[in-house]
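Residue numbers (my numbering): 106 to 650. Written out below as structure tokens is the structure these notes cover.
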């Protein structure tokens, strides 16, 4: 099956997840997939397989789910240990016409319980480890049934025991019907459940379908994105339908990533910005794990220019490219841009790119009645058929961000005369006296290479507090710090934390609101202790007199 035939079908009918493995087989059944981990649901699959074998396993899992009682239109919540079988199980559920609901394995029990309640008794696909972690959550009351993907747990249906179930014909829902539900990062509380449709998911493939068409040589694509993330389903659809050999990573630790890259030498890598930031240290690795990579891609979140520069410099390919796509789960890819190694000295991390032909429309709306500009940034809004349908169970909350065809992203920025979109901050993260916290972070990270992470958060008196982590958690050189921030007098004294103590989302973003709250509580406790000690000293001095 040719690219053009598949592309026309997706444009007309949308992306039906349950059909992706079959389309991939029609495109090229021998395309290879490699994993850096074993799977729970189909342990016999191993770490190397062809697209034909993948499709066979997905068909088998769909038959088992149907036998277990999963039917079209029902919700199938998937909350299990991180493995590629998360994608396989979701695709199998979609084959039955059910709506897979992706719940990150990083979510705590209380949050999972709240989301299950919002779903109104879904089927739950899980495993013994995750069920045990749910603790006191009344899973039996919140779900229609629990299906364990490996082994058996009392009171649950074992997927393994349904081996040999009859196959089912794929059920195709309407192009605007719910097809998959993912959730927001939860940086400000309980995550929102984002409803995607075949039309919205198919539309979102346009920008990178076009970009991949520019790659003439067939090279291995390495993907390191959480398996529950909507981006994983887009990326997998692209590489499978383009018949590109794929390496799927489950362990983002730099050492493990380096071993995989050295062993398989991919030509294209897609990863989250924070994963790439953690991989910066690999640029100096004598094994040269990035030497074979021609294309680096990162989607949705802002990324620091220092990270881009180090990674591009470590490639041995002629004219390596870094492709940055800006967007969010509710809108998909909105704008994009390329970085070339020779122009990095002019890179501006706040410039997130331009709209792409035939893709999303972007505008910036004033916050105060005056035209948006660099010194008066406005609300960034996006419009196109790729917008998510709604928030499940919170339609009114979704509606508050919808302005006709336009979705308000919650980000603040402006557009240049040439049309480049500059993103400064999430509106909720803005700090008085700081034009852009991300801009300040870019600047300091570029000046202090010993910093592994830097986040500006609001203090108890709205002062900007730099929270930082050093490489290998080494003590911060205060003299170097003050020399680096001498032209930023508005900054408070920095707070150094071990990197493991930073609160992060499932996509590794720092939870700035939670971090700010924690710091305020810590500072408040320190002041209380100081006041108590001062009072005790005063009392002792009075008694001695």
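A virtual CB, placed ideally from N, CA and C, is assigned to each residue, including glycine.
Would you check if the distance between the CB atom of residue 51 and the CB atom of residue 236 is smaller than 9 Å?
Past the edges of the chain, shown from 106 to 650, lies residue 51, and the structure says nothing about it.
Please say whether residue 173 and residue 254 have beta carbons closer to each other than 9 Å?
Here residue 254 refers to the residue found at position 149 of the chain shown. Here residue 173 refers to the residue found at position 68 of the chain shown. No; because the gap between Cβ atoms is not below 9 Å, this pair is not in contact.
Note down, in chain order, each residue of its chain lying with its Cβ closer than 6 Å to the Cβ of residue 135, except the 5 sequence neighbours on either side.
Mapped onto the chain shown, residue 135 falls at position 30. Result list for residue 135: 155, in chain order.
Return the first residue and the last residue of the beta strand (DSSP E) that residue 570 is part of.
The residue you call residue 570 lines up with position 465 of the chain shown. Segment 569-575, the beta strand (DSSP E) holding residue 570.
Separation of residue 333 from residue 239, as counted between CA atoms
For the purposes of this step, residue 239 is identified with residue 134 of the chain shown, where counting begins at 1. For the purposes of this step, residue 333 is identified with residue 228 of the chain shown, where counting begins at 1. Straight-line Cα distance between these residues: approximately 18 Å.
Cβ neighbour criterion (16 or more within 10 Å) applied to residue 121:
Mapped onto the chain shown, residue 121 falls at position 16. Residue 121 is buried by the Cβ-count criterion.
If we require 3 or more residues per run, which beta strand (DSSP E) segments fall completely within the segment 511-545?
Restricted to the segment 511-545, the beta strand (DSSP E) segments that are unbroken, complete and at least 3 residues in length are 511-520 and 526-531, listed in chain order.
Does the segment 554-563 come close enough to the segment 444-463 to have 3 or more Cβ pairs within less than 8 Å?
As far as the Cβ criterion goes, the segment 554-563 does not touch the segment 444-463, which means the pair count is below three.
Thinking just about the alpha-carbon of each residue, which of 542, 576 and 589 is nearest to the one in residue 567?
In the chain shown, counting from the first residue as 1, residue 567 sits at position 462. For residue 567, the nearest C-alpha among the options comes from 542.
If we ignore side chains and look at the alpha-carbon of each, how far apart do residue 112 and residue 624 end up?
As a first step, residue 112 must be located in the chain shown, where it is residue number 7. As a first step, residue 624 must be located in the chain shown, where it is residue number 519. Spanning the alpha carbons of residue 112 and residue 624 requires a straight line of approximately 50 Å.
For the candidate residues 550, 518 and 306, whose alpha-carbon lies nearest to that of residue 286?
Residue 286 sits at position 181 when you count from the first residue of the chain shown. Closest by C-alpha distance to residue 286, out of 550, 518 and 306, is 306.
At 4 residues or longer, and completely inside the segment 304-392: list those alpha helix (DSSP H) runs for me, N to C.
Runs found: 311-318, 335-346, 359-369 and 378-383.
Given that a residue counts as buried once 16 or more other Cβ atoms are within 10 Å of its Cβ, and exposed if not, what is residue 481?
If you number the chain shown from 1, residue 481 lands on position 376. Burial is judged here by how many other beta carbons sit within 10 angstroms of a residue's own beta carbon; residue 481 has fewer than 16 and is exposed.
Close beta carbons around residue 227, own chain, < 8 Å, minus the five adjacent residues each side:
Counted from its first residue, the chain shown places residue 227 at position 122. So the list reads 179, 180, 181, 182, 206, 221, 248 and 249, once near-sequence residues are dropped.
Compute the minimum distance between the beta carbon of residue 257 and the heavy atoms of the ligand ATP, and state whether it is under 8 Å.
For the structure depicted, the ligand ATP is absent and the ligand set is empty, with no information on it obtainable.
Using DSSP with H/G/I as helix, E/B as strand and the rest coil, what is residue 459?
Translated into positions along the chain shown, residue 459 becomes position 354. Strand, per DSSP.
How do the segment 392-404 and the segment 429-444 stand: do at least 3 beta-carbon pairs fall below 8 Å, yes or no?
Proximity of the segment 392-404 to the segment 429-444 meets the contact definition, three or more beta-carbon pairs being nearer than 8 Å.
Quick check: what's the CA-CA separation for residue 636 versus residue 600?
Along the chain shown, one-based indexing puts residue 636 at 531. Along the chain shown, one-based indexing puts residue 600 at 495. Because residue 636 carries a pLDDT of 47, less than 50, the predicted location of this residue cannot be relied on, and no value is offered for it.
DSSP three-state label for residue 420, please.
Position 315 of the chain shown, counted from the first residue, corresponds to residue 420. Residue 420: coil per DSSP, three-state reduction.
Closer than 9 Å, CB to CB, is residue 179 near chain B or not?
Chain labels in this structure do not include chain B; a single protein chain is all it has.
Suppose contacts are defined by Cβ-Cβ distances below 9 Å. Is residue 354 in contact with residue 365 by that definition?
Along the chain shown, read from residue 1 onward, the residue named residue 354 stands at position 249. Along the chain shown, read from residue 1 onward, the residue named residue 365 stands at position 260. Note that the C-beta distance between residue 354 and residue 365 is below 9 Å.
Ignoring anything shorter than 3 residues or poking outside the segment 158-205, list the beta strand (DSSP E) runs there in chain order.
Counting only runs that start and end inside the segment 158-205, the beta strand (DSSP E) elements of at least 3 residues fall at 180-183.
Residue 247 - containing alpha helix (DSSP H), residue span
If you number the chain shown from 1, residue 247 lands on position 142. Unbroken alpha helix (DSSP H) run through residue 247: 244-247.
Do you know whose CA, among 502, 266, 278 and 397, lies nearest residue 200's CA?
Counted from its first residue, the chain shown places residue 200 at position 95. Nearest of 502, 266, 278 and 397 to residue 200, Cα basis: 278.
Just curious, the alpha helix (DSSP H) that residue 216 is in, first and last residue?
For the purposes of this step, residue 216 is taken as residue 111 along the chain shown, with counting starting at 1. In this chain, the alpha helix (DSSP H) harbouring residue 216 covers 214-224.
Buried or exposed for residue 79, please, with buried defined as at least 16 other CB atoms from any protein chain shown within 10 angstroms of its CB.
Residue 79 falls outside the range modelled here, since the chain spans only 106 to 650, and no answer is possible.
Pairwise C-alpha distance: residue 264 and residue 559
Numbered from 1 along the chain shown, position 454 holds the residue referred to as residue 559. Numbered from 1 along the chain shown, position 159 holds the residue referred to as residue 264. Roughly 44 Å between the two C-alpha positions.
Checking 9 Å against the spacing of the C-beta atoms, do residue 223 and residue 197 come in under that value?
As a position in the chain shown, residue 223 is number 118, starting the count at 1. As a position in the chain shown, residue 197 is number 92, starting the count at 1. The answer is no: Cβ separation not under 9 Å.
Taking 7 Å as the limit between beta carbons, can you name the residues of its chain near residue 311, skipping five residues before and five after?
On the chain shown, residue 311 is found 206 positions in, with the first residue counted as 1. Within the same chain, Cβ atoms closer than 7 Å to the Cβ of residue 311 are found at 463 and 464, the five residues on either side in sequence being excluded.
Reducing DSSP to helix, strand and coil, say where residue 507 ends up.
Here residue 507 refers to the residue found at position 402 of the chain shown. Reduced to three states, the DSSP call for residue 507 is strand.
Based on DSSP bridge pairs, tell me the residues matched to residue 486.
For the purposes of this step, residue 486 is taken as the residue at position 381 of the chain shown. Its beta-bridge partners are 468 and 513.
Using CA atoms only, rank isn't needed, just tell me which of 141, 447, 494 and 598 is closest to residue 298.
Working through the chain shown from its first residue, we reach residue 298 at position 193. When each option's Cα is compared against that of residue 298, the closest is 494.
Closest by CA to residue 359, which one among 329, 371 and 284?
Reading the chain shown from its first residue, position 254 is the one you call residue 359. Per the Cα distances, 329.
Note the first and the last residue of the continuous beta strand (DSSP E) segment covering residue 438.
The residue labelled residue 438 in the question sits at position 333 within the chain shown. Start and end: 437-445.
Have a look at residue 438 and residue 319 and give me their C-alpha separation to the nearest angstrom.
Residue mapping note: residue 438 aligns to position 333 of the chain shown, counting from 1. Residue mapping note: residue 319 aligns to position 214 of the chain shown, counting from 1. One C-alpha to the other measures close to 18 Å.
Using the C-alpha atoms, what's the distance from residue 544 back to residue 656?
This structure cannot settle anything about residue 656, because the visible part of the chain is limited to 106 through 650.
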